[in-house]
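One structure is given here, and the rest of the page talks about it.
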Amino acid sequence: LVEAGAGDDTKPRMALEGLAWYTGSSGTPAQRAAYIEVLTAALSKDRQPGVKAFLIRQLQLVGDDSAVPTLGKLLLDAEVYDFAAQALVTIGSDAARAALRAAYSEAQGPCRIAIIQALGVLRDSDSADRLAEDANGPDRGIQLAALPALANMDSPAFREAARKFECQTHYERSQLDALLFRTSAHAAEEGEPEAEAALTAELQSADPHIRSAALSSAAGVKSIDLVLSFLADEDAEVRATATNIAISLQGEGVTAAYLERLPKATETGRVALIGILGKRGDAAALSAVLKALQDESPAVRLAAVEAAAALGRTAAVEPLIKLLSDDGDLRAAAQRALTNIRDEQAAAQIAGALSGSPPRVQARLLQILADSHAVEQADAICGCLEKEDEGVRLAALRAVEALAPSSALDPLVRLLPKLENSEQREACESALTAVCRRAPDRVAVSGKLLAALPAARAEDYCSLLRVLGKLGGAEAFQTVRQALGDSRSEVVEAAFRALSTWPDPAAAANILEVAAACSELRHHVLALRAYVRLVGADQELSAADKLAAYEKCIAHTRRVDERKLLLSRIGELPEPRTISVLQRFLLDDQLRNEAGAALLGVAERQLPAGWQRARQAIWLALDAVDDDALRERGKTLLARAEEYEGFVTDWQVAGPFEQDGKGCLELLEVAFAPEQPDAPGVTWQRQTMPTDRPEFWYVDLNACANMAGSNRVAYLRTVIDSPRAQDVQLELGSDDALKVWLNGELIHTFAGVRGCERGQDKVPAQLKKGRNELLLKVVNGGGGWAACARLRQPDGSHVEGVKIDLGQ
């Protein structure tokens, strides 16, 4: 063994540590004793500090009382005292304690502190008197070690010394508070007189985190008063901790102890205790909680409402219903509590109370049944539909709308002629709509509404039309369309309103016919907008079909507002022809800005992959619009488009090609068939480009069917159509090796391994006028396999007029 930095003794150290683990756990007593003897003998010799420390650590793993004399001597060694103290703590025997006490009287400075800490860990009560002297002594460092040691022993001397100690920092105060709490808590657990009172007093002045930690260790009936004393603590975290501990305290008699303290508590205390009892869920507390519903304090009564619902559920329903007559916070709390019970038996009790309650209570009971989704009480709710009190009737209608029971259809139809109040009529229409929408047979329920029409008064006829307008259906549409010609103006108005909410896209064409034939502008607008809405919502229509439908609609518009609406809808379509359609409206002074905004929307949705169409749309808009905000938006989009323009995304791929035993760079030099003009047997297929990532230009060859693998070659080709002969720059990237031909001429080679990034290689090239064939050879050594290409001017700017397109 050598001192650190003096040589390599790794192997002997590993061997000795292995022996320590073995003899200390699996070896025989004789083997362990022999190894201890070897280690103690080695420590008796003059050795370097690092070597001695290592040997002591081995004794810490394997040592027993036979090692104590040697370790005891080392406690006064300024270089290894700490290691010796740790080893004696691990041995932990009476002999180890005695050795520490023996060295204690002679030790000074850091050595004395280490011994004090060791005695504290071992809870050596025989050293308590000496520790008390040090805790009250002049050396602050030794004081700070002696106080925790005394506290760990639960020594009575600790409390006196702690009170005399003057903390100089917040950290010291916090640590001392924690020690005071720990000793007082231990004493309280042992039942010592006045210990809990002392503990409570100490915690009142402690930091919040100390108080929270103290409460978190509380347990059982003995801790109740301690926990409850902090329910009104000034710190929110402490209050929350005290509440959670009080709720979760375990042990026989905890609930009984809370109930015993409830009548004597302050108003704040009663509120807290009732909340705790409710959350504990012990039904034994129900009687006291129900009694608290009559407490003189409004705050206590409010707390009791929630607790009663939690504890009693059905047993609490009747007392809570009695509170619904109130008009204040107590009524609102009782209503919430009854709603939250959500129990069939409770719902039956609530429904049963309808008959004997005053009207305003009936209305509240109906709302509770609706909010708690008590569908099984539909008959009781429907029984209130024809109550004389308007508030009850309205509450019943809203409950029917919320629950939508099929049994309510006939009562609602019968009720409709009896309604004179517009608010109730609207509520009845909403309830009818909800019931019909939820019905399993939409045609059958619509049939009942249609059957009621002939005998209906005009206002009821209008109501039924409005409901039919939200249900749809072929027969209903014919009825509504016939009503458009009714002699009663209010019926005609209702029929158009019905069309404006029509849900069925199948009626769109007929609604456009209606719009075209309308004589009144407002009816025309209602029908036209209904058509636009239905076309937009029709998921069966392709973007091209929707565009055609919108174009057809524009021909029938009579106002600029509807034309603007249609332009915005056209701009939302992912259809190539939208640009040419919108372009036509750029010449209209009233519509140019709306058409331009739609074009910019088209451009934004085209980016990044559709940068060519985006540029076209942006320039068309910028040339026409006069709105400053639109022009600024167009310039911003143009700058974005420049980031993406010029990338090649139309490729064909052939491969993979490989040769046994050849790696990446060797394959780069093998001329496979695609490099040979008119070579037979080469199959080219369209390369799929990514649509779900911003790197739309990234050709992922591993993603191609049957392509993935190491030491393989793929070829990519495309066609560049140039309006003239011109110099350009190809910006290329590859993973891994790459060769590039333009019109059959090799213009670039990269022989290496790398990951693919845009613009890794910048290669000058010359395009001829017309068709130019670009061919890439991409060789994969392993892992990722990809390529990319971008066409730019020699100065890096956009190349105008060039098309990159393989066609079909």
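The numbering of the sequence shown is my numbering, which starts it at 55 and goes up by one.
Every residue, glycine too, gets a C-beta built ideally from N, C-alpha and C.
Predicted model only: the values in this text are computed from it and were never measured.
I need the DSSP call for residue i, collapsed to helix, strand or coil.
i           : result
residue 180 : helix
residue 689 : helix
residue 10  : Here the chain covers residues 55 to 862 and nothing more, so residue 10 does not appear.
residue 606 : helix
residue 108 : helix
residue 823 : coil
residue 619 : helix
residue 475 : coil
residue 702 : coil
residue 231 : helix
residue 812 : coil
residue 740 : strand
residue 174 : helix
residue 502 : helix
residue 556 : coil
residue 68  : helix
Among all the DSSP beta bridges, which residues are the ones paired with residue i?
i           : result
residue 99  : Answer is none; residue 99 lacks a bridge partner.
residue 858 : 774
residue 803 : 793
residue 711 : 767
residue 781 : 820
residue 841 : 753, 788
residue 831 : 769, 793
residue 846 : 783
So, at 8 angstroms on beta carbons, what are the nonlocal neighbours of residue i in its own chain, with the 5 sequence-adjacent residues on each side left out?
i           : result
residue 512 : 542, 544, 545
residue 667 : 630, 633, 656, 657, 660
residue 230 : 201, 216, 219, 221
residue 521 : 483, 486, 487, 490, 503
residue 529 : 497, 500, 501, 504
residue 412 : 379
Would you kindly check if the distance between the Cβ of residue j and the Cβ of residue i is under 7 angstroms?
i           : j           : result
residue 185 : residue 168 : no
residue 650 : residue 691 : no
residue 431 : residue 405 : yes
residue 154 : residue 142 : yes
residue 514 : residue 470 : yes
residue 688 : residue 654 : yes
residue 843 : residue 786 : yes
residue 403 : residue 446 : no
residue 296 : residue 281 : yes
residue 846 : residue 773 : no
residue 77  : residue 86  : yes
residue 356 : residue 386 : no
residue 586 : residue 600 : no
residue 478 : residue 439 : no
residue 325 : residue 354 : yes
residue 816 : residue 783 : yes
residue 174 : residue 203 : yes
residue 493 : residue 461 : no
residue 418 : residue 397 : no
residue 53  : residue 702 : In the structure as shown, the chain begins at 55 and stops at 862. Residue 53 is therefore absent and cannot be evaluated.
residue 456 : residue 424 : yes
residue 722 : residue 832 : no
Output needed for residue i: all residues of its chain with C-beta closer than 7 angstroms, excluding positions within five of it in sequence on either side, in chain order.
i           : result
residue 735 : 727
residue 740 : 706
residue 518 : 503, 506, 507, 510
residue 144 : 114
residue 157 : 126, 129, 130, 169
residue 860 : 704, 706, 772, 773
residue 214 : none
Could you name the residues of the same chain whose beta carbon sits closer than 6 angstroms to that of residue i, not counting the 5 residues immediately before and after it, in chain order?
i           : result
residue 358 : 328, 343, 346, 347
residue 836 : 764
residue 278 : 311
residue 63  : 55, 56
residue 334 : 301
Problem - Three CB pairs or more closer than 8 angstroms across the segment 712 to 730 and the segment 692 to 699 - result: no
Practice task
Would you check if there are 3 or more beta carbon pairs closer than 8 angstroms linking the segment 761 to 772 to the segment 797 to 811?
Solution key: no
Problem - Three-pair Cβ contact test at 8 angstroms for the segment 564 to 578 versus the segment 519 to 528 - result: Output reads no: the segment 519 to 528 does not touch the segment 564 to 578.
Exercise for the section: May I ask you to verify whether the segment 739 to 756 touches the segment 791 to 798, counting CB pairs closer than 8 angstroms and requiring at least 3? Expected result: no
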